[in-house]
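The structure appears below as structure tokens.
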């Protein structure tokens, strides 16, 4: 007999019944079982692994060990009870509803017809509902639902698609929906004709869920707002009519931030968005992410152009996703237009997962909730296609907690990222487990979410940290928490410089040991105590050397990151008088105060941030006066530039103390002198100038070049870099959502 010990995504994905069926067809004897860190197969075939060529859709074998054992062969092949262990296994992510379940959902003769929680071993929630592993029902939030006799029979039959499907349920025994009309419902006066009786759960009415979803569709069509409990948290949902969107902006405090829309299918999305073959492939992928698509310039006659105008997205792009739960599919049985489907949270706060909490805040008039508890909140993932490559803006639902390989083994590590758009991770050996999207850790609730996630990640990945990593910035809450946790656990606390971590992550993904790195983003605490954000490093012999950066400018207080005009005034003051600045239309009442502060360097700090340069350019070109969401000025600048051809402006690079200083003052002198020219071409000039200058410095080393940081989301800059052969992140976000991966790599050099 032979024992195979398999690691990979092999729990909760139908792997054991697959092995059972394969063994039975081959006439083999033995057993298969889950253990804490993988799957164990005992079988009378030394070449059995060679036969596993048609794995279940979600399964993935990363490695296996084989050894001969001396035991009495059993008379049959069995699936036996799971056992626990101290190792770690790879947990599956939450994924969309598979075609088989969708077929049953729409089949009137099927007992799960129109049941919103239909799932099987090949699909449905996973990470959002798990408390521990082995991945068995007692370790999930489905444990409270006792299986009926029919479900129990399916669950126990190795030949059934739902064998050991921990999410197995039906209308007789599973979670049910409930529609709640909130006490302070601002729209109750308009709803006299609605059937209020359907709000209450009737255990005898197997069609109650279908009727509730139909009622919700009616509420949404009337322009009202509904909070809908999904896989990993609540969504705020409405039509895409202007007044409904305006209500959501007021409710959530999102004055300008673009909203994602959900569409019934790709055909509906094509009415207002350009979709490439690769974008369509990602829209339809099992992860079902939000895909950022280019808006169409012209809209077909049968589709209202208002759908793609600024009340949804002020950019030339729009985030689109397809249905991924049975509830979504059922909702679109009654909807013939896109709907807003955005995370239910205030800016900076984590997505809401509690019905009770939502009721207390009285955000919406209606709540569509369900009985399954969300253990791990998980936001929707967001991707963007640049130069036919997938770029993660947010890696969360559908991808987490699938690990990312490290190029070499590392010590048990917990990395806490930075502050904005944060993600944390645990790592051990060659695996790095990135968490779901955490968010802005300056927010108290979000920081509590991070702390809770850190504890869960340590438990789920079985990593006992010997190293705890934080950003170099002394004022971040994550830095304080890292110090506290390292003392508590007896682990070593290491602080890693922000931009070095960005490029170290790209290098690790490509297995590079010597390279040149370009990091461009908003801000990061530098080795010299200044605010960095446009940096070039040479990496050799395990050490970073800063060989270039954007020219330093004075940043007047933290408010300069919110009001781009303040950064613009700082840059213009280096070559213009106050009267010349005023003639450009800059007449803020604070102008004299800002100039005086800059002159005396009061409440100012020097910064080489690319983000602040792009902010200032957006202000000068008259397209952004306030950064109401992260990256807004730069994204509006990208929208302004579009496909316009830049004007000719060669980068000016100054050598000082063996460091290349990229002159950005020259850029603003050019903009001021040519301010009456085509604004779109000027926008393209800004982005191309930045890209060319940074590349010119980096290429001098002759080494492979990597590029990361939030600016890598900019299509114009990134396409320029890709044409030059520069390497990018592949499986992690280039922004702060991937920073923790680079921190792990750096701390384990």
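Residue numbers (our numbering): 1372 to 2120. Just so it is clear, CB atoms sit at the ideal spot from N, CA and C, and this is done for glycine as well.
* Asked: What distance in whole Å lies between the Cβ atoms of residue 1878 and residue 1886, which are believed to be in contact at a cut-off of 8 Å?
  -> 5 Å
Could you tell me whether the Cβ atoms of residue 1899 and residue 1868 are closer together than 7 Å?
no
- Item | Own chain residues within Cβ distance below 8 Å of residue 1993, not counting five before or after | 1956, 2050
Which same chain residues, not among the five before or five after residue 1665, have their C-beta less than 7 Å away from its C-beta? 1644, 1645, 1687, 1688
- Query: Is residue 1388 helix, strand or coil by DSSP?
  - Reply: helix
Are there three or more Cβ pairs, one per stretch, closer than 8 Å when the region 1499-1518 is compared with the region 1435-1451? no
Requested in this report: Indicate the three-state DSSP secondary structure (helix, strand or coil) for residue 1631 in the structure shown.
Outcome: strand
Fill in: Contact set for residue 2072: own chain, Cβ-Cβ below 7 Å, skip 5 residues either direction
1887, 1909
Quiz item: Across which residues does DSSP place residue 1977 in a beta bridge pair?
Solution: 1925
State yes or no: is the beta carbon of residue 2062 nearer than 7 Å to at least one beta carbon in chain B? Note that chain B does not occur in the displayed structure, where there is just one protein chain.
Fill in: Other residues of its chain near residue 1972: CB distance less than 6 Å, five sequence neighbours each side excluded
none
Checklist line | beta strand (DSSP E) segments (min. 3 residues) lying fully within the region 1836-1874 | finding: 1838-1842, 1863-1867
Report the rounded CA-to-CA distance for residue 1535 versus residue 1401, giving the unit in angstroms.
19 Å
**Prompt:** For residue 1626, is the classification buried or exposed, using 16 other Cβ atoms within 10 angstroms of its Cβ as the cut-off for buried?
**Reply:** exposed
Practice problem: Measure the alpha-carbon distance for residue 1571 versus residue 1825 and round it to whole angstroms. | Solution: In this prediction, residue 1571 has a pLDDT of 43, which is less than 50 and means its spatial position is unreliable; nothing more can be read from the coordinates.
Exercise for review: Check whether the region 1601-1612 touches the region 1708-1715, counting contact only when three or more Cβ pairs, one atom from each stretch, lie closer than 8 Å.
Suggested key: yes
* Count the other CB atoms, across all protein chains shown, that sit within 10 Å of the CB of residue 1487; report buried if there are 16 or more and exposed otherwise. => buried
Discussion item. Quick check on DSSP: helix, strand or coil for residue 1951?
Written reply: helix
| task | Taking residue 1472 as part of the alpha helix (DSSP H), name the residues at either end of that continuous run. | result | 1470-1476
Legend entry - Candidates 1723, 1787, 1585, 2026: closest to residue 1701 by CA position: 1585
Rounded to whole angstroms, how far is the Cβ of residue 1934 from the Cβ of residue 1975, which I believe are closer than 8 Å?
No, residue 1934 and residue 1975 are not in contact; Cβ-Cβ is about 15 Å, not under 8 Å.
Cβ-Cβ separation, residue 1448 to residue 1386 (assumed contact under 8 Å), whole Å: Residue 1386 to residue 1448, Cβ: 14 Å. No contact.
**Prompt:** Exposed or buried, what is residue 2120 when buried is set at 16 or more other beta-carbons lying within 10 Å of its beta-carbon?
**Reply:** exposed
**Prompt:** In chain order, what residues of the same chain have a beta carbon less than 6 Å from the beta carbon of residue 2010, not counting five sequence neighbours either side?
**Reply:** 1686, 1687
Fill in: Residues bridged to residue 1436 [DSSP beta-bridge criterion]
1376
Buried or exposed by the 16-neighbour rule on C-beta atoms within 10 Å, applied to residue 1920: buried
DSSP bridge partner residues for residue 1494 (one or two, in chain order): 1491
Requested in this report: Please look up how many angstroms separate the CB atoms of residue 1587 and residue 1597, rounded, as I've assumed it's under 8 Å.
Outcome: 6 Å
In the DSSP assignment, find the beta strand (DSSP E) that holds residue 1550 and state where it starts and stops.
1548-1552
Discussion item. On the CB-based measure, 16 or more other CB atoms within 10 Å of its CB, does residue 1380 come out buried or exposed?
Written reply: buried
* To do: Let me know the secondary structure DSSP gives residue 1771 once reduced to three states.
  => coil
Check your understanding: So residue 1428 and residue 1389 are in contact, right, with Cβ under 8 Å, and what is the actual spacing, rounded?
Key -> No, residue 1428 and residue 1389 are not in contact; Cβ-Cβ is about 10 Å, not under 8 Å.
Self-check item: 6 Å Cβ shell around residue 1856 - same chain, five flanking residues per side excluded
Solution: 1839
Please list the terminal residues of the continuous beta strand (DSSP E) segment that includes residue 2026. 2024-2027
*Three or more C-beta pairs closer than 8 Å, one from the region 2029-2043 and one from the region 2083-2092: is that the case here?*
no
_Spatial distance of residue 1513 from residue 1759 (CA atoms)_ = 40 Å
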